Amino acid sequence: MRKALALATLLLTVAACGGGGGGTPSGTGSSGPVKVTLIQGLAGEEFYETMACGAKAKAQELGVTLDVQGPQKFDPTLQTPIVNSVVAGHPDAILIAPTDVKALIAPLTQAKQQDIKIILVDTVVDDPSIGLSRISSDNLKGGGAAAKALAEQIGDKGKVLVISTDPGVSSVDARIKGFEEEIKASHPGISSLGVQYSNNDVAKASAIVNAALAKDPDLAGIFATNLNSATGAGTALQQAGKLDKVKMVGFDAGPAQVKQLQDGVVSALIAQLPGEIGAKGVEQAVAAVKGQPVTASIPTDATIVTKDNLNTPDIQKVLYKSGC
Ligand code: T6T
């Protein structure tokens, strides 16, 4: 486990990126600080709240006026009205985590046509012309690391199940791809039962696990591709008394997930750097508004968290928080 986990610590150097102070943005004609709005994928969820904290700190440092908004569910039908309302207020730039690769293309195209600079954080849309900068974890690599970690946990053999949120979310789709490619390429003793979708709902993730345990009592491992899927899956394993039989690796490191790690419910978490994603998003937004160079793609680090390294200072720094 330690070998795989040591190897699986992902170091994706963050590309240097342009920054810039506040002040009168070029091309907008308006005076005063650069105005930026961060549109989260889900308000109140620790990944996006940690992102907002990073964005707020950078905004304060650069003299940027930052507004943060987000839908109450990770749902494009709820996020789109927020985008439309923000566009009507005409900020200089929008940072957004699109909740669907296709559904957010039209509203973001409207924003682009009004010369609002768009920075994509965490997730993307299928239209490559949208997003002057795209900032996220290397999710394909993260999925591969999860596969290595889970294989180590289950003795490189047995049935595994992937639980994700919804098809069409770029981040978790890439994690699934990375996971399945690694299993297929290097773990012949492991058979994947495929992917089931929790719609980012904790209770639904639990229900999926309960059904999977009934259908495949010899289930050996679970990969949960995001925070709520992992929390729900872990709860089901604990309540079913299957912690000794089924091992789990989950993406993200929110408070509930860290407790599950401490309680032995989950074997490893893959912590992203949402705070850094938010901060770099603000930097790129200011650079774009001021006509300075912008970095098109910025991959950020992801780190495997285990019981063994949880209390080290470096790991404590990457755990998500509910507010700042
Ligand atoms: O895993 C993160 C994020 O990277 C993903 O795009 C959606 O789910 C989370 O927000 C966690 O809930």
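Note that the sequence shown covers residues 955 to 1278 in our numbering. Here a beta-carbon is modelled for each residue, glycine too, at the ideal position from N, C-alpha and C. A quick note: this is a predicted structure, and the numbers were derived from the prediction, not measured.
Can you determine whether any heavy atom of the ligand T6T sits closer than 6 angstroms to the C-beta of L1167, and answer yes or no?
In terms of side-chain proximity, the C-beta atom of L1167 is found no nearer than 6 angstroms to any non-hydrogen atom of the ligand T6T.
With distance defined between alpha-carbon atoms, name the residue in G1195, A1250 and A1225 nearest to D1217.
The candidate whose alpha carbon is nearest that of D1217 is G1195.
Assign S1276 to one of two classes, buried (16 or more other C-beta atoms within 10 Å of its C-beta) or exposed (fewer than that).
With fewer than 16 other Cβ atoms within 10 Å, it is exposed.
State the CB to CB distance for the pair I1269 and A1222, rounded to an integer number of angstroms; the pair is presumed to be in contact (CB under 8 angstroms).
12 angstroms between Cβ atoms; not a contact.
Check the C-beta distance from T1031 over to P987 and give it rounded, since I have them as a contact under 8 angstroms.
Not confirmed; about 32 angstroms, so no contact.
If you count every other CB in all the chains shown that lies within 10 Å of the CB of G983, and 16 or more means buried, which is it?
Only weak support exists for where G983 lies, its pLDDT of 48 falling under 50; the value from the coordinates is given anyway. Within a 10 Å sphere around the beta-carbon of G983 sit fewer than 16 other beta-carbons, which makes this residue exposed.
Residues in the same chain with beta-carbon distance under 6 angstroms from D1262, minus the five sequence neighbours each way, listed in chain order, please.
none
Assuming contact is defined by CB atoms lying nearer than 7 angstroms, are S1091 and T1254 in contact in what I supplied?
yes
Starting from K1071 and walking both ways along the beta strand (DSSP E), at which residues does that stretch end?
K1071 to V1075
Ranges of the alpha helix (DSSP H) found wholly within the region 1037–1112, counting only runs of at least 4:
Qualifying alpha helix (DSSP H) stretches, in chain order: 1059–1067 and 1093–1107.
Residues near I1108 in its chain [Cβ-Cβ closer than 6 angstroms; skip 5 each side]:
A1174, G1175 and K1201
Cutoff 6 angstroms; reference A1013; Cβ partners in own chain excluding five residues on either side
L1020 and V1236
Option nearest A1187 by Cα separation, candidates G1204, D1198 and A1128
G1204
Where does C1278 land, buried or exposed, given buried means 16+ other C-beta within 10 angstroms?
Classification for C1278: exposed.
Report buried or exposed for Q1238, applying the criterion of at least 16 other Cβ atoms within 10 angstroms of its Cβ.
Around the beta carbon of Q1238, 16 or more other beta carbons lie within 10 angstroms, which makes this residue buried.
Can the beta-carbon of I1084 be found closer than 7 angstroms to that of L1049?
no
Residues in its own chain within less than 6 angstroms of A1165 by CB, not counting five upstream and five downstream?
none
Is N1153 near the ligand T6T, in the sense that its beta carbon is under 6 angstroms from a heavy atom of that ligand?
Result no, Cβ not under 6 angstroms from the ligand T6T.
Please classify K1271 as buried or exposed, where buried requires at least 16 other C-beta atoms within 10 Å of its C-beta.
exposed
Should S1146 and V1114 be called a contact, given that it needs their Cβ atoms to be closer than 7 angstroms?
yes
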